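Novice:
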Amino acid sequence: MSDVLDCAASGFVPHDLKCDFLVIGSGCGGGTAARVLAEAGKDVILLEEGGDFVGPDKLSQRDTPMYDQLYVDRGGRTNKDRTVNILSGRVLGGGGVINACDVVPIHDATWAYWQKHHGWHDFSATAMQPYVQRALADLSANRILEQQINRNNQILRQGTQALGWRGEVMMHNRVKCQGLGSCLIGCPASAKRNPRMVAIPKALAAGARVLVRARATLIRDATTDRKRVEVQTLDAKGYHPVNRFAIDAKCVIVAANPVGTVALLRNSHLGNDQLGQHVSLQPQVPIVALMADPVNAFEGIPQAYAMTEFERHDPDHGLGGFRVESIFGTPGVLGSLVSQPGAAGKTLMAQLDHAAASLILIPDQPVGQITLRRDGRPEIDYTLTAEWKARARQAVRAAARAYFAAGAKMVVIPAAPPLVLQSEAQLAQVETLTFDAATISLISAHQQGGGRLGTSEATSACDLNGQVWGTRGVFICDGSIFPSSSSSHTMTPIITMAHALADRLASHAS
Ligand SMILES: Cc1cc2nc3c(=O)[nH]c(=O)nc-3n(C[C@H](O)[C@H](O)[C@H](O)COP(=O)(O)OP(=O)(O)OC[C@H]3O[C@@H](n4cnc5c(N)ncnc54)[C@H](O)[C@@H]3O)c2cc1C
Ligand code: SF4
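So the sequence shown is residues 1250 to 1759, counted in this note's numbering.
(1) Checking 8 Å against the spacing of the C-beta atoms, do I1449 and V1501 come in under that value?
(2) To which residues of the same chain is A1755 closer than 7 Å at the C-beta, ignoring the five residues directly before and after it?
(3) Mind reading off the beta-carbon distance from L1524 to V1723? Whole number of angstroms is fine, and I expect it under 8 Å.
(4) Please find out if some non-hydrogen atom of ligand 1 comes closer than 7 Å to the beta-carbon of S1275.
(5) Could you give the uninterrupted runs of the beta strand (DSSP E) lying entirely in the segment 1653 to 1690, keeping only those of 3 residues or more?
(6) Have a look at the DSSP bridge pairing and note the partners of F1270.
(7) Using the Cα positions of V1303 and R1339, report the straight-line distance between them to the nearest angstrom.
(8) Spatial neighbours of V1661 within its chain, please: CB distance less than 6 Å, with the 5 preceding and 5 following residues excluded, ordered by chain position.
(9) If you compare alpha carbons, which of H1356, I1398, N1391, I1393 is closest to Q1378?
(10) Can you find at least 3 beta carbon pairs, one from the segment 1294 to 1308 and one from the segment 1265 to 1278, that sit closer than 8 Å?
(11) Would you give the residue range spanned by the beta strand (DSSP E) that V1461 belongs to?
(12) So is Q1552 buried or exposed if we call it buried at 16+ other beta carbons inside 10 Å?
(13) Output the distance between the C-alpha atoms of S1705 and H1370, rounded to the nearest integer angstrom.
(14) Pick helix, strand or coil for A1505, following the three-state DSSP scheme.
(15) Does the beta-carbon of P1742 have 16 or more other beta-carbons within 10 angstroms, so that it is buried, or is it exposed?
(16) The beta strand (DSSP E) spanning S1575 covers which residue range?
(17) Less than 8 Å separating the beta-carbons of E1574 and L1610?
(18) How long is the line joining the alpha carbons of Q1410 and G1594, rounded to whole angstroms?
(19) Below 7 Å, is the gap between the Cβ of G1299 and the nearest heavy atom of ligand 1?
(20) Taking A1707 as the reference, give the member of D1522, T1510, R1326, E1479 with the closest Cα.
(21) For a quick check, are the C-beta atoms of A1498 and V1480 less than 8 Å apart?
(22) Here's the rule I'm using: 16 or more other beta-carbon atoms within 10 Å means buried, otherwise exposed. How should S1259 be labelled?
(23) How should P1305 be labelled, buried or exposed, when 16 other C-beta atoms within 10 angstroms of its C-beta is the threshold for buried?
(24) Would you be able to state if there are at least three C-beta pairs under 8 Å between the segment 1396 to 1415 and the segment 1563 to 1582?
(25) Just the Cα atoms here: how many angstroms apart are G1703 and M1420?
(26) Answer yes or no: do N1443 and G1342 have a C-beta to C-beta separation smaller than 8 Å?
(27) Please state the DSSP three-state secondary structure of K1307.
(28) For H1566, which beta-bridge partners are listed by DSSP?
(29) Could you give the DSSP three-state label for E1395: helix, strand or coil?
(30) Identify, in the order they occur along the chain, each residue of the same chain with its Cβ nearer than 7 Å to the Cβ of K1451, setting aside the five sequence neighbours on each side.
(31) Out of D1265, N1391, D1542, state which residue places its alpha-carbon closest to the alpha-carbon of G1656.
(32) Can you tell me which residues form a DSSP beta bridge with S1517?
(33) Does DSSP put C1277 in a helix, in a strand, or in coil?
(34) Taking T1683 as the reference, give the member of K1658, S1672, V1645 with the closest Cα.
(35) For Y1196, name the three-state secondary structure that DSSP assigns.
(36) I need the boundaries of the beta strand (DSSP E) containing S1607, first residue and last residue.
Set out below in structure tokens:
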């Protein structure tokens, strides 16, 4: 098996790089596509602009260096009106390296919705079952064990059950997890069965060449037999350009996460007017409860239990409702969410060991757009709808009720000003949450859309094989392709679709 090639290493000057399939972006979509194509005997190069981070020496469990090295824009990307903090990975293995490991496949009702309303005729729940199984096998999907559920997650479960509501212990892709709790800044114990641990080693073993600190900047000749992709190499920390080279490829597969994919295609003057449209951010609302006894939520698996009572799967409208999922992060992230300044914020942070926390996940309609600024950087225009805001208030009430039912002394929504509820009797105050710009920091971990896959150029950005309309052999294979929110979590849906699309490519492209 060849090693990952680090373009930041001194003396790295590639010449005449050629391949049949050039995959850009090594996350859930790109990593999987590279592996499937390489195992089918294709000549594959996989490009990744992030670095390669494996093991305790590189994954240090420290906020500052890990956000700096593992996240796009150091974790600071937002939409235009700054209501949503848009998080995604920038590392070999993409979002799989820094995600919370929840495994949630696409629901039958969502497949049915896409078939009925978006022309996804080839992708029925039944036809996709083999690909779902392949994704679950890649992820070594398994149910989190009772003894792995920490007190933070037990509190949400206790409250949910006290109210007689439905919930579930989630499936995950951890094997031999040591409960270190730093999943969102990488797993030093290599317990995550993510693309870095599964698809990429398999791609390498099958002969793929994998380059890190290599950013694709331009796709040329997109309508000819051979494309030329310009690549910028980066320094060891990934922030300064070092060198340039080009790769000659028969097919180019763009899998750079919705924002990166749209930006690269637009900068290359590719795509129709649908490219960049129909973007879903699936914003999540943070909620914190202060308990009488220590919770120590930073110990153990951060996200294990979900309240699912209000989630809706509907073949006529797609995914709706909301779900509440326990979560905890490292102190730096939690500190950034505490909206009380000065002494009040310090007091809250001093009680961190008594805090339980969740993210309320509220699937949205794909109302966003990704465009380019004058400097070529992407801009995400996304405005929360009135319907989403109403659902969010309903969701906050439900989550707060569950925490009070579990014995919370206080529930805080980190808005500006913060909403502090002392008891269930104050729940009506939730109606004061406006979700207006600069009043709240929502979190997006599941960006989807922008490169919608469909049957017609009038309504989609690529055809049912993922080929970008107007090109010959330029494909999209990541979270961009979904017509609407695919699931409450996107890793499994993206790996599922990457298997299906890469199989098609392997059999159709000679
Ligand atoms: C904090 C967090 C927690 C999450 N938790 C979960 C969870 O528990 N369960 C779940 O199912 N999902 C979760 N997700 C979502 C899931 O991880 C992502 O949806 C998924 O990784 C996206 O896959 P992708 O292939 O679209 O892109 P990514 O996995 O983001 O990969 C894209 C890659 O492309 C690279 N790239 C971009 N532009 C270029 C370029 N021009 N040249 C070269 N490389 C480029 C990027 O550096 C990146 O590594 C989470 C996400 C985050 C951020
Ligand atoms: S909780 Fe498990 S998966 Fe997360 S960082 Fe710790 S050992 Fe890794």
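Don't be surprised by glycine CBs; every beta carbon is placed ideally from N, CA and C.
This one's a predicted model, so the numbers in the text were calculated from it and none came from an experiment.
Specialist: Let's see:
(1) no
(2) V1285, L1286, A1289, K1291
(3) Not confirmed; about 11 Å, so no contact.
(4) yes
(5) 1659 to 1662, 1668 to 1670
(6) V1293, C1500
(7) 14 Å
(8) V1537, P1667, V1669
(9) H1356
(10) yes
(11) 1458 to 1461
(12) buried
(13) 13 Å
(14) coil
(15) buried
(16) 1572 to 1575
(17) yes
(18) 31 Å
(19) yes
(20) D1522
(21) no
(22) exposed
(23) exposed
(24) yes
(25) 30 Å
(26) yes
(27) coil
(28) DSSP output for H1566 lists no bridge partner at all.
(29) helix
(30) R1284, E1288
(31) D1542
(32) Partner(s): none; S1517 has no beta bridge.
(33) helix
(34) V1645
(35) Lying outside 1250 to 1759, the shown extent of the chain, residue 1196 is not represented and no answer is given.
(36) 1604 to 1610
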